[in-house]
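Novice:
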Amino acid sequence: MGSKIDLLVKLQYLDQNINSLESTKIKIPEELESAKSEMIRVENKLKDAEKKYSDYQKALKIKEGEIDDEKEKVKKSRVRQNEVKTNDEYRALLKEIDFINSRIDTIEEELIKMFDLAEPYKEEIASAKKELENEKKLYDEQIIIKNKELQDIESEIKFSREEREKLMIEIDSEIYRIYERLCKYKENIAISKIGKRGICQHCSVLIPPQTVNEVIADDKVLYCPNCQRILYYTDDV
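Numbering follows our numbering, with no gaps: position 54 of the sequence shown is 72.
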């Protein structure tokens, strides 16, 4: 392989490496955002569980308040017992007190059933807290890992760009213009190799034997008749 094409091959390798690294670099904030979103989801899950428990406690207080109100009614009715003048009024008060006590029993039964719901609510909160703790730990670990990965990528990009600048000093300007044009229209792949079988490794087209011989001779820049990329020969394919 001649030096001109050899330089282009090295250039394409560096460019592809830089592009790949840049693509990976772009994904890092997205990956961190995804991890953060999962943590926020669990935070909201915990908030929902805590709200349900808070609403439950409010409902308990309402029931307890209802019992207190009914008991207060009983007290007032008993006070009135001392004020009644007839047996009918007395019996009516007893009936009223019985009704209120029955109502108190009903509310207390409802309250006892509600007490049984406390544990599931607490378990849901405990589970969400544990899940959130794990998610925060994972997120913190991801921040450390991804920041290190980002530093490594930026360091490698810097090195590759420096190598590219050195390489550009040796590359013929006209050949570079051809390379740039091909990269623009050929998915950033300007060069394709052919091996002993004479097949373009990019488009899988069989290259005419005469063209293969000319590529091996490296007298000039030659192109694949199908994909129009610059050809270079290597016997490892």
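Ideal Cβ placement from N, Cα and C applies to all residues, glycine included.
1) Please report the straight-line C-alpha distance between Ile207 and Leu26, rounded to a whole angstrom.
2) Which parts of the segment 27–76 are runs of the beta strand (DSSP E), unbroken and 3 residues or longer, counting only runs that do not cross its ends?
3) Mind listing, in chain order, the continuous beta strand (DSSP E) runs of no fewer than 3 residues lying wholly within the segment 151–237?
4) Looking at C-beta atoms only, is the number of pairs between the segment 35–55 and the segment 213–227 that lie closer than 8 Å three or more?
5) Can you tell me whether Ala146 is buried or exposed? The criterion is at least 16 other CB atoms within 10 Å of its CB, across all chains shown.
6) Output the distance between the C-alpha atoms of Glu172 and Ser178, rounded to the nearest integer angstrom.
7) Alpha carbon to alpha carbon, how far is Gly20 from Arg59?
8) Given a cut-off of 8 Å, decide if Lys211 and Tyr241 are closer than it, judged by their beta-carbon atoms.
9) Do you know whose CA, among Pro138, Val233, Lys63, Pro243, lies nearest Cys221's CA?
10) Given that a residue counts as buried once 16 or more other Cβ atoms are within 10 Å of its Cβ, and exposed if not, what is Ala136?
11) Helix, strand or coil: which one does DSSP assign to Leu135?
12) For Leu111, which of helix, strand or coil comes out of DSSP?
13) Does the contact criterion of 3 or more C-beta pairs under 8 Å hold for the segment 36–45 versus the segment 125–136?
14) Determine the closest residue to Glu68 out of Asn119, Glu142, Asp106, with distance taken between C-alpha atoms.
15) Helix, strand or coil for Leu25 per DSSP?
16) So Ile196 packs on Glu40, CB below 8 Å; how close in whole Å?
17) Tell me whether the beta-carbon of Arg182 lies closer than 8 Å to the beta-carbon of Leu29.
18) Could you tell me which residues DSSP puts in a beta bridge with Tyr248?
19) By DSSP, does Lys147 sit in helix, in strand, or in coil?
20) Quick check: Tyr139 and Lys70, are their CB atoms within less than 8 Å of each other?
21) May I have the straight-line CA-CA distance separating Asn100 from Lys94, to the nearest angstrom?
22) Quick check on Ile162: buried or exposed, where buried means 16 or more other Cβ atoms within 10 Å of its Cβ?
23) For Leu185, which residues in the same chain have their Cβ closer than 8 Å to its Cβ, ignoring the five residues on either side in sequence?
24) Helix, strand or coil for Gly20 per DSSP?
Specialist: Quick answer:
1) 11 Å
2) Listed in chain order, the beta strand (DSSP E) elements of length 3 or more contained wholly in the segment 27–76 amount to none.
3) 209–212
4) no
5) buried
6) 10 Å
7) Caution is warranted here: a pLDDT of 48 is assigned to Gly20, below 50, making its placement in the model unreliable, and no coordinate value can be reported.
8) no
9) Pro243
10) exposed
11) coil
12) helix
13) no
14) Glu142
15) Helix.
16) At roughly 24 Å, the Cβ-Cβ gap does not stay under 8 Å, so Ile196 and Glu40 are not in contact.
17) yes
18) For the record, residue 248 in the displayed sequence is Ile; it is not Tyr. Ile209, Tyr241.
19) The DSSP-derived three-state label of Lys147 is helix.
20) yes
21) C-alpha of Asn100 to C-alpha of Lys94: approximately 11 Å in a straight line.
22) exposed
23) Leu25, Lys28, Leu29, Leu32
24) Residue placement at Gly20 is flagged as unreliable, the pLDDT there being 48, under the threshold of 50; the coordinate-derived value follows with that caveat. Of the three classes helix, strand and coil, the one that applies to Gly20 here is coil, per DSSP.
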